[in-house]
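Colleague: Let me begin by handing over the structure; questions about it come next.
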Amino acid sequence: MQSVDSHLFLIVGAALFSIGLAVVLLKRHAIVVLMGIELMLNAVNINLVAFSQYDPDRIQGQMLALFVMVVAAAESAVALAIVLQVYRHFRTAQLDELNELRQ
Numbered sequence: 001m002q003s004v005d006s007h008l009f010l011i012v013g014a015a016l017f018s019i020g021l022a023v024v025l026l027k028r029h030a031i032v033v034l035m036g037i038e039l040m041l042n043a044v045n046i047n048l049v050a051f052s053q054y055d056p057d058r059i060q061g062q063m064l065a066l067f068v069m070v071v072a073a074a075e076s077a078v079a080l081a082i083v084l085q086v087y088r089h090f091r092t093a094q095l096d097e098l099n100e101l102r103q
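The UniProt record's numbering numbers the first residue of the sequence shown as 1 and each following residue consecutively.
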């Protein structure tokens, strides 16, 4: 079985992070922005695991990636609940149209 070079993981991680950043900056729908943030967090996880192979005695990279996944899941749940409440109140999920928090 051949091992995959770490630079390929870094290229995939950089591509995912770039796509996620472009989504966050260009899209205006709240759910799509949350998906872009999740893409960026997954790119960070790929980089953490790729760099952790250089120290095989410790599993710090994998443990930190697991922690990032748990935080991302909690962030998604809270953010989705906030988006649902905002949609219920304003009847839109477009971020450009949400300019007032009091109404």
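Positions of the beta carbon are idealized from the N, C-alpha and C atoms, including for glycine.
Between Q94 and the rest of its own chain, which residues show a CB-CB distance below 7 Å, the 5 nearest in sequence each way excluded?
Modeller: R28 and H29, listed in sequence order.
Colleague: Which ranges does the beta strand (DSSP E) cover as unbroken runs of at least 3 residues, wholly within the stretch 9 to 95, from first to last along the chain?
Modeller: The qualifying runs do not exist here; there are none.
Colleague: If you measure between the beta carbons of I46 and L16, is that distance less than 8 Å?
Modeller: Cβ distance < 8 Å, so I46 and L16 count as in contact.
Colleague: Pop quiz: V86 and L98 are said to be a contact at Cβ under 8 Å. What is the actual Cβ separation, rounded to whole angstroms?
Modeller: Right, their Cβ atoms sit about 6 Å apart.
Colleague: Give a yes or no on whether the C-beta atoms belonging to L39 and I11 are separated by under 8 Å.
Modeller: No, the Cβ-Cβ distance between L39 and I11 is not below 8 Å.
Colleague: Should I25 go down as buried or exposed, given a rule of 16 or more other Cβ atoms within 10 Å for buried?
Modeller: The question names Ile, yet the displayed sequence has Leu at residue 25. Exposed.
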